[in-house]
Amino acid sequence: MKKLINRPEDVVREGLGGIALAHAGRLVVHTDPHWIARADAPVAGKVAIISGGGSGHEPMHGGFVGPGMLDAACPGEVFTSPTPDQMLAATQAVDGGAGTLHIVKNYTGDVMNFEMAADLAHDEGLAVEQVVIDDDVAVKDSLYTAGRRGVGATVLAEKICGAAAEEGRPLAEVAGLCRTVNERSRSMGVALTSCTTPMAGKPTFDLGDAEIEVGVGIHGEPGRERRPLATAREVVETLAGAVVDDLPFARGDRVLAFVNGMGGTPLLELYIVYNGLHRFLEERGIEIARSLVGSYMTALDMAGCSITLLRLDDELARLWDAPVNTPGLRWGA
Amino acid sequence: MGRVSAAAGVVDAAGVTVWLRTFAAEVAARRDELTDLDAAIGDADHGVNMDRGMQAVTAKLPTAGEAGLDGADAGQARPDDASLGALFKAVGMTLVSTVGGAAGPLYGTLFLEMGKAAADRTTLTPAEWAGVVSAGVAGVQRRGKAEAADKTMVDALLPAAEALRTAAGSGASLAAACRAAADAAAEGMRATTPLVARKGRASYLGARSAGHQDPGATSTWLLLETAAATLGGGAVGDSASGEHAAGEGS
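Residue numbers (the working numbering), protein chains in the order written: chain H, -12 to 320; chain W, 193 to 442.
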């Protein structure tokens, strides 16, 4: 293991300390339990939005806290769900009187910990709605599995719901919008290398020098299949093909195209992927109306990327364009 | 066991304290074994997470002679509060906030629901104990939405609760009823090996999850086995040495 850390057990605490210092004045980082809030929370009369999950996916979610996006984020240990006391403390603190939306990625631990937090919050008379994001087409969705994982659509839902909340929309509408974003989004990822968690100290899975894992999850979960390394064009065809066929996206659709880096892939390569994606969609008559390219939802040091498409309408495009001012995503502010 | 329940034949705070300390020691001793089971079909942290949670519970349990939980923090039971409801609730909240993953909410819910059912009672007869455990198991099923044969801790909990009810209903002593529950849990645990997981991270593996004993069912069997060894004075059966967890699934 070759990492810029001090001790493996201090990774989350020291990382949060850095976030607090780097973004002092914009973010407040609470300890025992851990949660990150925008400095001006609670915002009176505004629906509050909270997300959370294991650490190791930065900038998600702490880097998306700020005006136009999240009110608070709850980081767990690396690749481990946060616990209900974190979400309860954050909910109590950022509730501005209009209720709170919890955006939850579909992993068994995350879902159960957020459900317990909602139960505890309801016991205290707080209004909480939860929406579970499950956009990863690599996982077969059936009654006999934990269902599809929540990946790239989470970033898009946090941005779009954040904008709607800033406009003063009520909790039910903001939650409904979150479900709409989830229903219209599909994603799939690929790994070129494994990732290494600090506590394990060795790669999560073995992948040969000339192999790729197609359909990988953001914790290194196995994907659909292992294949020989291919060109960027071929990888785009595999990922985008699976994404387009699943919804399905069709000729005439206007989409938001999100090419996400997994943490160990250079931006240059992500733009090569975006270039291929643009061509792939153009050939099928699908128009990219908005785009996002960069490492926004990472898996520690994993090399690879994911492609997310969201079918837009005028309303979603307008909310996407609204000002946002967070460490991880910022425009119009 | 050097210490036994203050009142023989019923569940009380002193007996529960011994039980949970024993469970914590077993989890610590088998930490790597539980983690290895999890590595095969999950994310290799079950032993580490359960050990962390039970160490936190142990730190809050009263030392011998005290009745309730030794907690100065708000919301925790005080030493002079010997109700089983408060004790189980404090255990549940501690597990929920320290274990993490899926096991935290599930074990936390088990104890929180047992706490609700036990309420302000300070002792429970075997039949009442069976009802309290059944309420906890129902809570776990609601939280995890798992049915029998999904390859989860429910596969050990459901037969254990049923065995406990049956034994208590036929007038068995607390020790004998807890022994029946532990043996049923062991059988349920072993039966998870050939199953294909339908819940949790193991379900992503599909058919590849078969052939491995479920780590959650294994820690659940430990919980019930240590109950049998401690509650009601303990009734050490053939399986009390705990050979069930080793050598399975290969």
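The beta-carbon is built from N, C-alpha and C at its ideal position, and this holds for glycine as well.
Predicted, not measured: the structure shown is a model, and the values here were computed from it.
- Runs of the beta strand (DSSP E) spanning 3 or more residues and lying entirely within the stretch 248 to 308 of chain H occur at 274 to 281 and 291 to 298, in chain order.
- Proximity of arginine 393/W to chain H, defined by a Cβ-Cβ separation below 8 Å, is satisfied.
- Per the DSSP secondary-structure output, aspartate 204/W pairs in a beta bridge with Thr315/W.
- With contacts defined as CB atoms closer than 8 Å, arginine 317/H and leucine 234/H fail to qualify as a contacting pair.
- Classified as buried, tyrosine 94/H has 16 or more neighbouring CB atoms from the shown chains inside 10 Å of its CB.
- Listed in chain order, the positions of the stretch 88 to 121 of chain H with a beta carbon within less than 8 Å of a beta carbon of chain W are Tyr94, Thr95, Gly96, Met99, Asn100, Glu102 and Met103.
- Sequence-distant Cβ neighbours of alanine 77/H in its own chain, meaning closer than 6 Å and more than five residues away, are Trp22, Ile37, Ala59 and Cys61.
- If you draw a straight line from the Cα of glycine 5/H to the Cα of isoleucine 294/H, it comes to about 30 Å.
- A contact between stretches requires three or more CB pairs, one per stretch, nearer than 8 Å, and the stretch 87 to 103 of chain H meets this requirement with the stretch 288 to 295 of chain W.
- Around the C-beta of proline 71/H, 16 or more other C-beta atoms lie within 10 Å, and the residue is accordingly described as buried.
- Across the stretch 396 to 419 of chain W, CB contacts with chain H closer than 9 Å involve Tyr396, Leu397, Gly398 and Arg400, in sequence order along the chain.
- Per DSSP, the continuous beta strand (DSSP E) segment holding valine 115/H begins and ends at 115 to 120.
- Looking at Gly204/H, Lys(-10)/H and Pro209/H, the one whose alpha-carbon comes closest to that of aspartate 123/H is Gly204/H.
- Among the residues facing chain W, glutamate -4/H is not included, as its CB has no counterpart in that chain under 8 Å away.
- Those residues of the stretch 329 to 344 of chain W placed with their C-beta closer than 8 Å to a C-beta in chain H are Arg335 and Gly336, ordered along the chain.
- Interface criterion not met: the Cβ of serine 42/H is under 8 Å from no Cβ in chain W.
- Residues of the stretch 57 to 76 of chain H with a C-beta less than 9 Å from any C-beta of chain W: Gly63, Glu64, Phe66, Thr67, Ser68, Pro69, Thr70, Pro71, Asp72 and Gln73, listed in chain order.
- A Cβ of chain W is located within less than 8 Å of the beta carbon of valine 126/H.
- Annotated three-state conformation of glycine 176/H is strand, per DSSP.
- Assigned with DSSP and collapsed to three states, isoleucine 6/H falls in helix.
- Think of a sphere of 8 Å around the beta carbon of glutamate 208/H: the chain W residues whose beta carbon falls inside it are Arg393 and Tyr396, in chain order.
- Per DSSP, the continuous beta strand (DSSP E) segment holding glycine 63/H begins and ends at 59 to 65.
- At a C-beta separation below 7 Å, glycine 293/W has these neighbours in chain H: Thr67, Ser68 and Gly96.
- The Cβ neighbour count for leucine 194/H, taken over all protein chains shown within 10 Å, is at least 16; the residue is labelled buried.
- Contact fails between the stretch 43 to 54 of chain H and the stretch 163 to 177 of chain H, because fewer than three Cβ pairs, one in each stretch, are under 8 Å apart.
- Per the coordinates, the alpha-carbon of threonine 385/W lies some 14 Å from the alpha-carbon of aspartate 228/W.
- Lysine 343/W carries a coil assignment under DSSP once its states are collapsed to helix, strand and coil.
- Burial of isoleucine 199/H is indicated by the presence of at least 16 other C-beta atoms within 10 angstroms of its C-beta.
- As computed with DSSP, aspartate 123/H is found in a beta bridge with Ser174/H.
- For histidine 109/H, there is no enclosing beta strand (DSSP E); the residue is part of the alpha helix (DSSP H) that begins and ends at 95 to 110.
- Using a CB distance below 8 Å, the part of the stretch 296 to 314 of chain W facing chain H consists of Gly296, Pro297, Leu298, Gly300 and Thr301, ordered along the chain.
- Counted as a single uninterrupted DSSP element, the alpha helix (DSSP H) harbouring proline 297/W occupies residues 295 to 310.
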